[in-house]
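*Asks:* Take this structure, written in structure tokens, and hold onto it; I'll ask about it next.
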Amino acid sequence: MRLRLAAGLLAALTLGVPMPHAFAQSTVAPQHPGAPGYDALLEAATAPLRNALGDRVVLDVERLDRLGDWAFLQGTLRAPGGGRPDYAGTPYAERAAAGGMSDVYVALLRAQPAPTNAADAASEAPPHDGTATDANPATTQWTVLDQAIGPSDVAWLTWPQTHAAPRQLFGF
């Protein structure tokens, strides 16, 4: 069985048959400031954090990785002047005062190609077909599927199962 599969794959490659899209990107690609699409991805990934805490925190990005049309952000929450953020007056104040809040922020995102014109934008988006990996990074729209602000545990441990996301994106 394995021999047939290997022979079929070899024949397909020899004949120039394109590989299925699922194989378009098989390794995690770290994203770096200045790279095409980095700012849009970071903006989308941190939107829930800004909505919840405004300018009370800044995020020190530890990793922003992409695998195909998936992305994972992990960072450390800091006060704008450095040190631990002040959560007084926020929904997180009680938890932070009790010591039940870490300085971690994580977000899981999935990409969809941006509409190319106003008519496309007005229509409902087609079902996701996984082609975002081939899209221009500058026109890719990112959607936050899950996020955690100050989790006291490894909140993203179940995200591969919950969202059918690739495990290697999370480093486990």
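All letters in the sequence shown, in the order written, are residues 11 to 182 by the numbering used here.
Every residue gets a Cβ at the ideal spot worked out from N, C-alpha and C, and that includes glycine.
(1) Whole angstroms are fine: how far does the CA of ARG120 sit from the CA of ASP79?
(2) Looking at TRP166 and VAL114, is the spacing between their C-beta atoms short of 7 angstroms?
(3) With a cut-off of 8 angstroms, do at least 3 Cβ pairs link the region 169-182 to the region 94-105?
(4) Residues in its own chain within less than 7 angstroms of ALA175 by CB, not counting five upstream and five downstream?
(5) Mind reading off the beta-carbon distance from ASP70 to ALA39? Whole number of angstroms is fine, and I expect it under 8 angstroms.
(6) Where PRO101 and ASN61 are concerned, what is the direct C-alpha to C-alpha distance, given to the nearest angstrom?
(7) Classify VAL164 as buried or exposed, calling it buried when 16 or more other Cβ atoms lie within 10 Å of its own Cβ.
*Replies:* Inspection of the coordinates gives the following:
(1) 6 angstroms
(2) no
(3) no
(4) TRP80, LEU118, TRP169
(5) Going by Cβ atoms, the distance from ASP70 to ALA39 rounds to 21 angstroms, so no, they are not a contact pair.
(6) 12 angstroms
(7) exposed
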